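Chemist:
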Amino acid sequence: MLLRPLARAALALAVTAGATGVGVVAATVPAHAAPAAVHYVALGDSFSSGVGAGPYETTCLRSDRSYAPLWAAANSPASFRFVACGGAVTDDVLDRQLSALDAGTTMVTITIGGNDAGFVDVVLNCRLGGESACASAVDRAERFATTELPGRLDATYAAIRQRAPNAQLIVLGYPRLFDEVRYCGLFSMSLTKRSIINDAADLLADVTAARASAAGATFVDTRSQFAGHGVCAGSPWINDFSALIAAYHPNAAGYRDGYLAALNTVTG
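Read in order, the letters of the sequence shown are residues 287 to 554 in the numbering used here.
#1: Going by the CB atoms, is the gap between C346 and V334 shorter than 8 Å?
#2: Please report the distance separating the alpha-carbon of A538 from that of R351.
#3: Between the C-alpha atoms of P363 and D388, what's the straight-line distance to the nearest angstrom?
#4: Nearest-angstrom Cα distance between N411 and L439?
#5: Which of the three DSSP states is assigned to E417 in this structure?
#6: Tell me whether A317 sits in a helix, a strand or coil according to DSSP, three-state version.
#7: With DSSP as the reference, label V308 as helix, strand or coil.
#8: Mind checking which residues open and close the alpha helix (DSSP H) that includes T553?
#9: For the alpha helix (DSSP H) that L356 lies in, which residues bound it at each end?
#10: Going by DSSP, what residue range makes up the alpha helix (DSSP H) through I482?
#11: Give the DSSP bridge partners of Y326, in chain order.
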């Protein structure tokens, strides 16, 4: 879920400085444009901006190792605008990112909704608190995901459609964060905590998939792509708590072999 960084100071960096950032990274695109004249705009939160992969440009924590610039580098679109921003919620997309779209846009990707649902609080409570505090935070996030979030997603997808009526809208989901092995190190979360966070990720994916379908968008479920590569796996594609600002976000392998590979299944 676009989980914002876990330390409060790191959260302030990624959310306050990030979500309010107005910079746009216009990636360098090779001169040989694709025959289909793809005009690609990448919207969304930190799971699109590339938090976890680094290095970063701008206060929005955009990385060239996120899936969007990797896709652009491999496919040579006629134009590419990368406006995803670490810490973004749906209102940030509506207020700060939609200006990158126009009638000439032919492809839009987005991850959004995890911050709206409060998954940063889920991870903080589960990582730092007991199992009761963790369960309460998960319950709050799940209630929001089933009651308030659908309307926010509907409004966001509709606004994208209005600004870019000729674009293919591709909504990418969030992966499960953990492999549910019994032991994950001395200072790791318990299996119970990891399991209920994964359950919440499943709920968020299901809600997002339903709203994307209702909007006529293409939903890309990343959970199978990341299976066997969560935190606690032998070859993790998700950063653990020790990564601080990058904690519980994909690493470079996760964006390349998880998100990009999943995106390629619907773009060819």
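Virtual Cβ for every residue (Gly too), placed ideally from N, Cα, C. Quantities reported herein were computed from a predicted structural model and do not represent experimental measurements.
Modeler: On the basis of the data shown:
#1: Contrary to the premise, residue 334 reads as Ser rather than Val in this sequence. No, the pair does not count as a contact, with Cβ atoms beyond the cut-off.
#2: In a straight line, the C-alpha of A538 is about 6 Å away from that of R351.
#3: 16 Å
#4: 25 Å
#5: Residue state, collapsed to three classes: helix.
#6: Its pLDDT being 49, under 50, A317 is placed unreliably by the model, and the measurement read from it follows with that caveat. Coil at A317, not helix or strand.
#7: Legend: pLDDT at V308 = 41, less than 50; position of this residue unreliable, value from coordinates given subsequently. Coil, per DSSP.
#8: 547–553
#9: L356 -> alpha helix (DSSP H) spans 353–361.
#10: 477–500
#11: F366, M393
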